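Participant: First the structure, then my questions, so here it is.
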Amino acid sequence: AQKVTQAQTEISVVEKEDVTLDCVYETRDTTYYLFWYKQPPSGELVFLIRRNSFDEQNEISGRYSWNFQKSTSSFNFTITASQVVDSAVYFCALSGVLSGGYNKLIFGAGTRLAVHP
Amino acid sequence: ETGVTQTPRHLVMGMTNKKSLKCEQHLGHNAMYWYKQSAKKPLELMFVYNFKEQTENNSVPSRFSPECPNSSHLFLHLHTLQPEDSALYLCASSSRANYGYTFGSGTRLTVV
Numbered sequence: 026a027q028k029v030t031q032a033q034t035e036i037s038v039v040e041k042e043d044v045t046l047d048c049v050y051e052t053r054d055t056t057y058y059l060f061w062y063k064q065p066p067s068g069e070l071v072f073l074i075r076r077n078s079f080d081e082q083n084e085i086s087g088r089y090s091w092n093f094q095k096s097t098s099s100f101n102f103t104i105t106a107s108q109v110v111d112s113a114v115y116f117c118a119l120s121g122v123l124s125g126g127y128n129k130l131i132f133g134a135g136t137r138l139a140v141h142p
Numbered sequence: 622e623t624g625v626t627q628t629p630r631h632l633v634m635g636m637t638n639k640k641s642l643k644c645e646q647h648l649g650h651n652a653m654y655w656y657k658q659s660a661k662k663p664l665e666l667m668f669v670y671n672f673k674e675q676t677e678n679n680s681v682p683s684r685f686s687p688e689c690p691n692s693s694h695l696f697l698h699l700h701t702l703q704p705e706d707s708a709l710y711l712c713a714s715s716s717r718a719n720y721g722y723t724f725g726s727g728t729r730l731t732v733v
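As you go down the protein sequences, you meet chains A and B in turn. Going by our numbering, the first residue of the first sequence is number 26, and it counts up by one from there. Going by our numbering, the first residue of the second sequence is number 622, and it counts up by one from there.
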């Protein structure tokens, strides 16, 4: 069975602090995809990143960076120099190989990040 | 403009009412999804439609009835709901070439 665990329910930081959101996953598939989504107060989930299971290179996009480690089944997300606009709920998700023309995402419970001025 | 539009944004309905949620995408995606997001619970996949055909129904009560007339439109018909059905209902779409979902802004449903 596939499962995504985000152990941190809520995190509160002060602006300009660095913060890491943890994500641990379980799957028996050898090929899979990992995602992070951001859900601001407006409600929609905004796609941030997708990684496949064969690409363990860390990725940096501006203040965002992701650390993928297959050995520990983790895909952690770090925000450097956090800003108030980063306040949102962040979801980690996992999907198997595309099957029948679609993929099914399994989401973690989410981590609510509050960045205070 | 997210590419996936959901209406209405907010809905309050009584337990005896019948209402429908609408989702529309013009991204050329072939798959559409309904998710339920309740307070303090993980996102729950409800239904999946692929090329207008329902491919998944995750043990959703029959008071929720999906309809997908074409690959661009998805409805969720609601009748005789319970207060515990109050939640944010999110629609998403995806394509063969894109392994991620594009989400709508959701419908915040309150059952009174």
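No residue lacks a Cβ here, since even glycine has one placed at the ideal position from N, Cα and C. If you're wondering where the values come from, they're calculated on a predicted model, not measured in any experiment.
1) Tell me, please, whether the CB atom of Y657 (chain B) is closer than 9 Å to any CB atom in chain A?
2) With 9 Å as the threshold, decide whether the Cβ of L119 (chain A) is near any Cβ in chain B.
3) Which of helix, strand or coil does DSSP assign to E42 (chain A)?
4) Taking any Cβ of chain A, which residues in the segment 686–720 of chain B have a Cβ under 9 Å from it, in chain order?
5) If you draw a straight line from the alpha carbon of F100 (chain A) to that of N651 (chain B), how long is it in whole angstroms?
6) Examine chain A for any beta-carbon lying closer than 9 Å to the beta-carbon of A652 (chain B), and answer yes or no.
7) Check whether the segment 689–700 of chain B touches the segment 657–673 of chain B, counting contact only when three or more Cβ pairs, one atom from each stretch, lie closer than 8 Å.
8) Near L648 (chain B), what residues of its chain come up, given a Cβ to Cβ distance below 8 Å and the 5 sequence neighbours on each side ignored?
9) Taking 9 Å as the threshold (beta carbon to beta carbon), is P663 (chain B) in contact with chain A?
10) Please list, in chain order, the chain A residues whose beta carbon lies closer than 9 Å to that of V669 (chain B).
11) Identify the contact partners of E51 (chain A) in chain B, using a Cβ-Cβ distance below 8 Å as the criterion.
12) Is H647 (chain B) a contact residue of the ligand ZN, with contact defined as CB to any heavy atom under 8 Å?
13) Can the beta-carbon of C117 (chain A) be found closer than 9 Å to that of Y50 (chain A)?
14) Decide if Q94 (chain A) is buried, meaning its Cβ has at least 16 other Cβ atoms within 10 Å, or exposed.
15) Would you grab the beta carbon distance between G121 (chain A) and Q27 (chain A) for me? Rounded to a whole angstrom, and I think it's under 8 Å.
16) Applying the 10 Å Cβ sphere with the 16-neighbour rule, what's the burial state of Q31 (chain A)?
17) Is S78 (chain A) close to chain B, meaning its C-beta is less than 9 Å from at least one C-beta of that chain?
18) Quick check on DSSP: helix, strand or coil for T97 (chain A)?
19) What is the rounded straight-line gap between the Cα of E622 (chain B) and the Cα of K657 (chain B)?
20) Run the CB neighbour count on P629 (chain B), radius 10 Å, all protein chains shown included, and call it buried at 16 or more, exposed below.
21) Alpha carbon to alpha carbon, what distance is there between S112 (chain A) and L709 (chain B)?
Facilitator: In short:
1) One detail in the question is off: residue 657 (chain B) reads as Lys in this sequence, not Tyr. No, K657 (chain B) does not count as interfacial toward chain A.
2) no
3) coil
4) L709, L711, A713, S715, S716, R717, N719 and Y720
5) 28 Å
6) yes
7) yes
8) G624, V625, S714, S716 and T723
9) yes
10) Y127 and K129
11) In chain order: nothing, as chain B lies at least about 14 Å away.
12) Only the bare structure without any ligand can be found here, which leaves the ligand ZN out of the picture.
13) yes
14) exposed
15) 7 Å
16) buried
17) no
18) helix
19) Residue confidence is low: E622 (chain B) scores 48 on pLDDT, short of 50, so the model does not pin down where it sits. Its coordinate-derived value is still stated next. Near 22 Å, if we compare the C-alpha coordinates of K657 (chain B) and E622 (chain B).
20) exposed
21) 19 Å
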